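This report concerns only the one structure given below.
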């Protein structure tokens, strides 16, 4: 049986849907489990029961500081070894993302996965096209961002979920492999052209000031978001790889359309 962690999250829930469409026996694990899901709380080791699981899809619990993320991942990987899991599929970060401030937890987890003695596959996911669109800000004059003219090899979340399901359904074929799952580079210019909107580039300093002043963000998030903007702006996330197309054996979902649709959905309604 396959178990997918973070089952109520967007990537994990889509992965479970993909597995169901493939008639692959799978269950979701969550700290707030729904019907048919296992209670799995990375912060409570007593809940980390992976009995009967052959393949663990470890969706990164990256919404925290690095030490907490790595501790969570270590705990579930130790449970996987204890309970006889045969293979771990870890959703990591694209190799070009080492300049991002949240890369450390991913690379540390990759080391833990490889050192655990289980079969493993690393899925180095590119940044979501949905995220790219969501990080654009609407103003009365159009859109603003700190991305400048930089390009991002963004990926539709659904494509990454499909790739995870393909690997988890037949893990032995993918054992010991690391895949860099990115799409074709897209830019803010392409998005605003689709939306027929104006765009103003703001300085990274101004962007950071706004993030630091945003009381709704957690302490680690301003630096995380600023690093995404800076990495895109300076050309560090426009890498290419054939891995995702080869895994899916089909054309990728158009990331530009996904990003533009996401931005359009956030546009304030005129009154």
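In our numbering, the protein residues as written are 362 to 632.
Even for Gly, the Cβ is constructed at its ideal location relative to N, Cα and C.
A quick note: this is a predicted structure, and the numbers were derived from the prediction, not measured.
Rounded to whole angstroms, what's the CA-CA distance from residue i to residue j? Just pull it up for me.
i: residue 488; j: residue 515; result: 5 Å
i: residue 445; j: residue 475; result: 16 Å
i: residue 390; j: residue 625; result: 33 Å
i: residue 376; j: residue 472; result: 24 Å
i: residue 304; j: residue 506; result: This structure cannot settle anything about residue 304, because the visible part of the chain is limited to 362 through 632.
i: residue 553; j: residue 395; result: 39 Å
i: residue 543; j: residue 602; result: 6 Å
i: residue 400; j: residue 537; result: 29 Å
i: residue 455; j: residue 397; result: 32 Å
i: residue 434; j: residue 558; result: 42 Å
i: residue 512; j: residue 413; result: 44 Å
i: residue 577; j: residue 571; result: 11 Å
If you reduce the DSSP assignment to three classes, tell me which class residue i lands in.
i: residue 534; result: helix
i: residue 460; result: helix
i: residue 412; result: coil
i: residue 454; result: strand
i: residue 467; result: helix
i: residue 325; result: For residue 325 there is no data in the structure shown, the boundaries of the chain being 362 and 632.
i: residue 560; result: strand
i: residue 422; result: coil
i: residue 391; result: strand
Smallest Cα separation from residue i: which of the options?
i: residue 463; options: 526, 606, 585; result: 585
i: residue 428; options: 467, 393, 517; result: 467
i: residue 562; options: 581, 510, 402; result: 510
i: residue 539; options: 460, 453, 553; result: 453
i: residue 483; options: 520, 502, 528; result: 528
What does a CB cutoff of less than 8 Å around residue i pick up in its chain, not counting 5 residues either side in sequence?
i: residue 612; result: 606
i: residue 480; result: 447, 448, 449, 532, 533, 536, 537
Please return the same chain residues whose Cβ sits closer than 7 Å to the Cβ of residue i, not counting the five positions on each side in sequence.
i: residue 411; result: 364, 417, 440, 441, 444, 446
i: residue 423; result: 430, 463, 466
Could you name the residues that DSSP lists as bridge partners for residue i?
i: residue 503; result: 500
i: residue 489; result: 516
i: residue 448; result: 416, 480
i: residue 622; result: Bridge partners of residue 622: none, in fact.
Which residues in the same chain have their Cβ closer than 6 Å to the Cβ of residue i, if we skip the five residues on either side of it in sequence?
i: residue 438; result: 473, 477
i: residue 589; result: none
i: residue 617; result: 547, 551
i: residue 530; result: 383, 385
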